[in-house]
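Enquirer:
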Amino acid sequence: MEAWLNDAGALGLSHLKIADFALTGRGVQAQRAFSAGERILTIPAQCLWTVEHAYADRLLGPVLRALQPPLSVEDTLALHILLVRARRPDDDDGAYEGRRSHVDVLPDKYTMSIFFSEEEMQVCKGSSLYTLTTQLRGRIGDDYKKLLTRVLMRHRNLFPLSKFGIEDYKWALCTVWSRGMDFAVSEGNSLRLLAPFADMLNHSSDVKQCHAYDPTTRDLSILASKDYNVGDQVFIYYGPVPNNRLLRLYGFVLPENPHDSYDLVLQTSPMALLYEQKERLWKLAGLDAACTIPLTVNDPLPRSVLRYLRIQRLDESLLGAMTMQIATGADEKISDDSETLILQFLIDSISAILESFSIPLDILTAQLAAGDVYPVGGNAWAAAQVSVGEQRILRLARDKAERLLSAVGGGGGDHGDAQRRRKCCARCGKEEEEAATATRLMACGRCKANCISIVRYTITTLPILTIESVVHSFGVFYTMRGQTRTAARRPAARARIRARSSSSSSSSPSASDSESVSLARPAKRRKTASSSSTSKLDAYRALLLHQQKPTADLTTPSLPPTRCHTLAYHVPLLLLVDGGPRAARAAFLSWFDSVSSARAMPWRKPWIDPSSFASPSELRSALEKRAYEVWISEIMLQQTRVAVVVDYWKRWMSKWPTIHDLAAADTDDVLAAWRGLGYYSRATRIHTAAQLAVADPSMQGLLPSSAADLAEKIPGVGRYTAGAISCIAFGRPAPMVDGNVLRVLSRQLGLYGNIKTDKAVIDLIWAAAEALVNAVALDGEDGDEERAAADTRSDRPGRWGQALMELGSTVCAPRPDCGACPITSTCRAYSEGLALLSEEKSQVSENGTADMEDLCGVCQPFDDTDDVENQLPPSPAATKGGKQATLSAFFAKSAVPAKPSAKPKVDIEGIVRHARRFPIKAVKKAVREEETLVCAVVRADGRYLIRKRPAKGLLAGLWEFPSSPLLENPKESKKAERKKLAKEFVEGVLNKGEVELTMHVHLFKTKGTEDAGVEGTTEARWSDSVDTESMGTGMRKCWELVKEAT
């Protein structure tokens, strides 16, 4: 490397040497004395790694220039480094010899936190490092999949997957992170570069900025930031970087790092009271409604934190005072009461964060001092250093808040351990004691029935960890313990303080009634479930884990119009423990065994039992083929009927019997084999995923057995397909929930919601499906009651998942055949329909009394007017003019003992009408219509011009005749006008959701045989065998018209 740099004009190399040091590892050693400010080293522009150099590379440049949008700076540099590393010396006549000499001295592996084991990461659980490392691992996986699809698979000769795998990609990214230097080169622009030899300099916080980029010569220079003697290690300064960033991006930490910090993210919902006025005040104060404020050792509680919270907690009466204070530049409390609330809230929030760390500061400090728990320099030791630094800062911040609270005169007491708090009821003044982590924004339960005038309905998890107050914007009459009251409600002002590591939250007793508090790290903006739906899901999972014996309130049908029931009503009756459900599950599997061969599905084969194979290699080969067969069948069955898929699957398996055969296939052949199935992107993803699975050293063609690994590592495999492969091929329990199963379980659970768009409904069904398949997996494990479902291997999970799908496609269809269903005894929709038709309808209990906070909250209102086709005939009571149902009946209704009567005759059609109501029917979107000019251009030699469609979108990657959409008033276009447009379009070509598509075909003949219209591109060519090209169904119909015309 030094010879290459010297030949290129590098300066200073003769006075420096790469050497190994005890504490820092490999670094740069001074071979002569240097004075502070003296130029030590200069690396010329042509030896640097930059995006500009990558685009100038003769092999990589054309690939990069063809990408729109372009790759990120990180990916561009990483791909350039990997390309140089992959080239052999005899490949390029020495063109990469210099850069390869730099790559050869780079570390073989790195010590960034993404490479830590889970046990090592547990040391810093609760810290920002833990959260961000988890996010970073996911981001790297997603980015690699995109790179694989956009670049690697399209240029396999240039980027062989054996040298461009996911681990290679991680290594290259770490090289860019740890060795890259960033410079501002012009206003708003920056430059990232890697400099050979200079990147061997280690970081020290004792030196100052000592590297400089010359935008004129484009050279990089290193200056001595202090005096160096012969033999000293020469350092560089990365900047004031905290340990969590050093370990994440550079792979090391500095004990007692003076630059350690903790980023506090302050946010307020736009739905908060007086939000617009507060937003203006934040701007006047130099803040934003969502801002990040670093807490540091020197300033653990910046004044800007208090300034933000003072504005956040303002009511209308204090707006004027705060506006005047900001205008005059004052920075003081508004009032003692307000300041006390803010500081107490801050203390409790920080205490909750500290409690979320896996190892408290005192214990961790003692373990580090002992020296034998975490070996110095190891991964766990580095993780511990990060945790210690962040906890110290948080403690300093809490201590400062406590001192400020004492100074205000508002008390505060001893908040050191934050284990016990005392809180006064908002109404009666009585104290109640509770743990800080279970603080509630509501009055005490002691006087709730007697003196509370505003009820705040809460959404809780079981056990109670977080309670968020949900206050609606309207008043409602409700019944509580025999007293009717009016609950005045106002819009919720949900203000949040989020710290970057804690997933649990703690609310201050003195916080605003309509605010909730949590602490979390800033993350990418993404769609997330609301806190209420998340809490419901957590509560539901807790109910599934703590199965109960079926009681009257769980088995009694919940009837319209109110359908008043708790969340426990949706626990599957197939799961409740009383001896019956296990027999019911076994009976359901027996039903599937009896009907599984009724429809010929060649991919349905006996489960591969590992115990029946003596040779591990034979077992591996069998599992590899079986997983491949299941995978292909499940992808083909998406949006396609079974009868259509059978022949396609057989032809596919005959052409490519193994995943290795598919990986080696040509893309056009794969698309041609898929012709007629539609959704061609499925074929492209299958092909890409097969190549990835074959090239990956950990898979080598055998798909992962875990559903989580399948969804993470295999492109195009979602959680349903992952569950199907894991269950059917490998015998591992995992939920298999497709559209049919969503419908079946919505009826089984009595869950009235939209299974296509309502995330809360979908999540609950997935949770129920997971609990059911786990129970089925354990049904056959009589000899080991302590065994976990995840540790079992059998054919039961696969049979169970296929049984649910079979039931949904043949019996529990959109119009169900309830008389033929084998599991009506556990179906909520069936029992409700039966009860509605009973002569004793008026005497059926509606689940008794339920507190508002215990109600389901997931089901939509059951309106008998929204589906006239399925309305039940009115009962005699209704025709006689019974009482109108009121909302008070929704909250409390006493159960009336049913009188003994003769068993009614079952009206199966009436039950079917009710069952059809589940799930809610989704409104279909209007079909978008387009019209397109299709131009068939044939040369004198009979060859036709065809072009490849874009890699993304409808019919991606297929061939077509040159086509152009009619953009303006397509319905009003005239034949002569279309002919003129087609001619203009063809002349230009030769010179250089669901859609209802109308194609206007025009045939053009050229006189010559030159390759007009295809120069300089691989996306167009002249074809003399159009019949064999991979075209979509619509374009193939156009071809039939062209053949008739010629």
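Following the numbering used here, the numbering of the sequence shown begins with 334 at its first residue and continues without gaps. Ideal Cβ placement from N, Cα and C applies to all residues, glycine included. All values reported here derive from a predicted model rather than from experimental measurement.
1) Identify the residues that DSSP records as bridge partners of Lys479: which are they?
2) Using the beta-carbon count (16 or more within 10 Å), is Ala713 buried or exposed?
3) Between the stretch 1036-1044 and the stretch 1052-1072, are three or more C-beta pairs nearer than 8 Å?
4) By a C-beta neighbour count over all protein chains shown, 10 Å radius and 16 as the cutoff for buried, is Val518 buried or exposed?
5) Closest to Thr698 by C-alpha separation, out of Thr656, Cys457, Leu647 and Asp1128, would be which residue?
6) Take Ala505 and list the residues in its own chain whose beta-carbon comes closer than 6 Å to its own, dropping the five residues that flank it on each side.
7) Are the beta-carbon atoms belonging to Leu1035 and Glu957 less than 8 Å from one another?
8) Could you check the C-alpha separation between Lys983 and Phe1063 for me, to the nearest Å?
9) Look at the alpha carbon of Asp942 and the alpha carbon of Glu951, and state the distance between them as a whole number of angstroms.
10) Can you tell which of Pro548, Thr375, Ala1309 and Lys442 has its C-alpha closest to the C-alpha of Glu520?
11) Three Cβ pairs or more, each shorter than 8 Å: is that satisfied between the stretch 1090-1109 and the stretch 1148-1158?
12) Leu346 to Leu374, Cα distance in whole Å?
13) Taking only the alpha-carbon atoms, compute the straight-line gap between Lys1370 and Lys1316 and give it to the nearest angstrom.
14) State whether the stretch 708-722 contacts the stretch 470-489, with contact taken as three or more CB pairs (one from each stretch) at a distance under 8 Å.
15) Measure how close the beta-carbons of Gln724 and Leu694 come, nearest whole angstrom, since I'm counting them as under 8 Å.
16) Taking the continuous beta strand (DSSP E) assigned at Asp669, which residues delimit it?
17) If you reduce the DSSP assignment to three classes, tell me which class Ala1102 lands in.
18) So, using beta-carbon positions, are Asp515 and Arg525 closer together than 8 Å?
19) Report the rounded CA-to-CA distance for Ala703 versus Gly584, giving the unit in angstroms.
20) Whose C-beta lies closer than 7 Å to the C-beta of Val436 among residues of the same chain, with five residues either side of it excluded?
21) When the Cα atoms are used, what is the spatial distance from Glu1263 to His1020?
22) For Ala997, is the classification buried or exposed, using 16 other Cβ atoms within 10 angstroms of its Cβ as the cut-off for buried?
23) With three or more beta-carbon pairs closer than 8 Å as the criterion, would you say the stretch 579-597 touches the stretch 548-565?
24) Identify which residue in Arg433, Leu1288 and Ala363 has its Cα closest to the Cα of Tyr1013.
25) Quick check: what's the CA-CA separation for Glu649 versus Gln610?
26) Any idea which residues DSSP pairs Gly360 with across the strands?
27) Write down the C-beta distance between Thr1265 and Leu1299 rounded to the nearest angstrom, noting that I regard them as a contact closer than 8 Å.
28) To the nearest angstrom, how far is it from the Cα of Ser495 to the Cα of Ala1028?
29) I'd like the list of long-range same chain contacts for Leu647, defined as Cβ closer than 7 Å, with 5 residues on each side in sequence excluded.
30) Can you tell me whether Met445 is helix, strand or coil according to DSSP?
31) Tell me the DSSP bridge mates of Lys1338?
32) So the candidates are Asp670, Ser691, Ile692 and Val709; which of them puts its Cα closest to the Cα of Leu738?
33) Grab me the residues of Ala730's own chain with a C-beta within less than 7 Å of its C-beta, minus the 5 sequence neighbours each way, in chain order.
34) For Arg829, does the count of other Cβ atoms within 10 angstroms reach 16, so buried, or fall short, so exposed?
35) What are the start and end residues of the alpha helix (DSSP H) that includes Gly1243?
36) Give me whichever residues DSSP pairs with Arg525 in a beta bridge.
Expert: If we stick to the structure as given:
1) Answer is none; Lys479 lacks a bridge partner.
2) buried
3) yes
4) exposed
5) Cys457
6) Ala411, Ile414 and Leu415
7) yes
8) 22 Å
9) 12 Å
10) Pro548
11) no
12) 7 Å
13) 21 Å
14) no
15) 4 Å
16) Asp669 -> not in any beta strand (DSSP E); alpha helix (DSSP H) instead, spanning Asp669 to Glu688.
17) helix
18) yes
19) 23 Å
20) Ile414, Val417 and Arg418
21) 30 Å
22) exposed
23) no
24) Leu1288
25) 10 Å
26) Ala352
27) 7 Å
28) 6 Å
29) Leu607, Lys611 and Met655
30) coil
31) Val1271
32) Asp670
33) Leu628, Pro633, Leu634 and Ile683
34) Because Arg829 sits at a pLDDT of 36, beneath the cut-off of 50, its placement in the model cannot be relied upon, and the point is left open.
35) Ile1241 to Ala1248
36) Asp515
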